[in-house]
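2 protein chains.
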Amino acid sequence: MSERETYTVEVAGLTRHLPLFEVAPGVRIAIFNMLGDTHVVKGAAAVLAEKLAHIEADVLVTAEAKSIPLIYEMSALMGLPYVVLRKGYKSYMGEAISAETESITTGHKQTLYLDEKDQQYIRGKRVVIVDDVISTGSTLLGMENVIVTAEGKTVAIAAVFTEGDADWSNIIALRNLPVFLD
Amino acid sequence: MSERETYTVEVAGLTRHLPLFEVAPGVRIAIFNMLGDTHVVKGAAAVLAEKLAHIEADVLVTAEAKSIPLIYEMSALMGLPYVVLRKGYKSYMGEAISAETESITTGHKQTLYLDEKDQQYIRGKRVVIVDDVISTGSTLLGMENVIVTAEGKTVAIAAVFTEGDADWSNIIALRNLPVFLD
Chain A
55 MSERETYTVE
65 VAGLTRHLPL
75 FEVAPGVRIA
85 IFNMLGDTHV
95 VKGAAAVLAE
105 KLAHIEADVL
115 VTAEAKSIPL
125 IYEMSALMGL
135 PYVVLRKGYK
145 SYMGEAISAE
155 TESITTGHKQ
165 TLYLDEKDQQ
175 YIRGKRVVIV
185 DDVISTGSTL
195 LGMENVIVTA
205 EGKTVAIAAV
215 FTEGDADWSN
225 IIALRNLPVF
235 LD
Chain B
55 MSERETYTVE
65 VAGLTRHLPL
75 FEVAPGVRIA
85 IFNMLGDTHV
95 VKGAAAVLAE
105 KLAHIEADVL
115 VTAEAKSIPL
125 IYEMSALMGL
135 PYVVLRKGYK
145 SYMGEAISAE
155 TESITTGHKQ
165 TLYLDEKDQQ
175 YIRGKRVVIV
185 DDVISTGSTL
195 LGMENVIVTA
205 EGKTVAIAAV
215 FTEGDADWSN
225 IIALRNLPVF
235 LD
């Protein structure tokens, strides 16, 4: 199959053609990148904000970088603060809390860091985790571990897409993306 | 001087107390982090969009990660697409264009990458570079190099803050931050 092949999907009333990308021999995923797509961010944020409206929450949390516009827009719509877990440590982050995770698109381990200044937004708070795509669940687990260490309580998990055929009944999402097996 | 000392600054009508951080012996800078500060992002984006209104431009460009909410908000206000240069290469980025830069807060060299899919937004286009703080100009130079390689033309440079007493007359900014020398 050609590398240029795409998977067409509808997101919040908008149509997008996601390029397929081989992540392992015979296994391809559809690449969804909201960075730069202001219309999709606005639309998906509105739908997720409405789906989350019945949940009492104090703060939104994501991991950098592709989901940052989404969580920013959801923060503005929902009137909640948000925290971005970083993928690199900088010394101005002080005594950061960290957890390891593994990326499906790079295959490498990476570490998530919670800046010391942001820990006050999570300690004792009700947290909604936000992500663009939840697939292997590795980044999700890393975020959950950081939140537990920071003494927050995850009350909901929201994503634009889940991916693959695991049990995603605990995730609030717009839609599921298939994984493509040759 | 205490590490907890702060520098108080006004941004788009909002007051913020920026923590001071030592980046070299006897040299401290004020740390400005818009990630998570939705009010400052909304306000600064509105001011910069107005300051840029007289400039004919096709696209906004920044580097990840702290400026992403700012460029997203400016994109929505100005009706322009935006591109985020990434600090790590992922294989889905294809034949990316890259340039080296050096961070004042980490002291390390880093590489900026322009995803192959985003090069169409820069080739032959009028580009406004956007950043949160322009200080040593190293990240700025890296962005300019990527834009030249991608055959775009930088028509304006916008930042929330310039920093230090270099000649910043070519930067459209809200304000200058001092560098603190003991």
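Which chain is which? The protein sequence lines are A and B, in order.
The opening position of the first sequence corresponds to residue 55 in the numbering used here, with each subsequent residue numbered one higher.
The opening position of the second sequence corresponds to residue 55 in the numbering used here, with each subsequent residue numbered one higher.
For every residue, glycine included, the Cβ atom is placed at its ideal position computed from N, Cα and C.
- Closest option to A/Ala227, judged by alpha-carbon separation, among A/Leu134, A/Glu205 and A/Val182: A/Val182.
- Identification of residues in the region 105-133 of chain B having a C-beta nearer than 8 Å to some C-beta of chain A yields Glu118, Ala119, Ile122, Pro123, Tyr126, Glu127, Ser129 and Ala130, given in sequence order.
- What B/Asp172 touches in chain A, judged by beta-carbon distance under 7 Å, is Gly90, going in chain order.
- Nearest Cα to A/Ile83 within the set A/Thr62, A/Lys207, A/Thr69 and A/Glu205: A/Thr62.
- Within chain B, the residues Gly90 have their CB atoms less than 7 Å from the CB of A/Tyr136, given in chain order.
- Here B/Val138 really is in contact with A/Gly90; their C-beta atoms are around 7 Å apart, less than 8 Å.
- Around the beta-carbon of B/Lys120, 16 or more other beta-carbon atoms lie within 10 Å, marking it buried.
- Fully contained in the region 89-141 of chain B are the following beta strand (DSSP E) runs of length 3 or more, in chain order: 113-117 and 136-139.
- The way I'd put it, the region 99-115 of chain A does touch the region 213-226 of chain A; three or more beta-carbon pairs between them come closer than 8 Å.
- B/Leu74 and A/Val113 have their C-alpha atoms some 26 Å from each other.
- Apart from the 5 residues on each side of it in sequence, A/Thr208 sits with its Cβ closer than 7 Å to the Cβ of Val181, Ile183, Glu198 and Ile201 in its chain, given in chain order.
- Short of 7 Å from the beta carbon of A/Tyr175, and not among the five residues preceding or following it, lie these beta carbons of its own chain, in chain order: Val113, Pro135 and Val137.
- Interface residue (Cβ-Cβ distance to chain B less than 8 Å): A/Val95 is classified as such.
- At a cut-off of 8 Å, the C-beta of A/Ile188 has no neighbouring C-beta in chain B.
- Using a Cβ distance threshold of 8 Å, B/Ala98 and B/Val65 count as a contacting pair.
- When only Cα atoms are considered, A/Glu127 and A/Gly80 end up about 36 Å apart.
- The shortest CA-to-CA distance from B/Ala210 to any of B/Asp219, B/Ala78, B/Leu102 and B/Glu76 is the one to B/Leu102.
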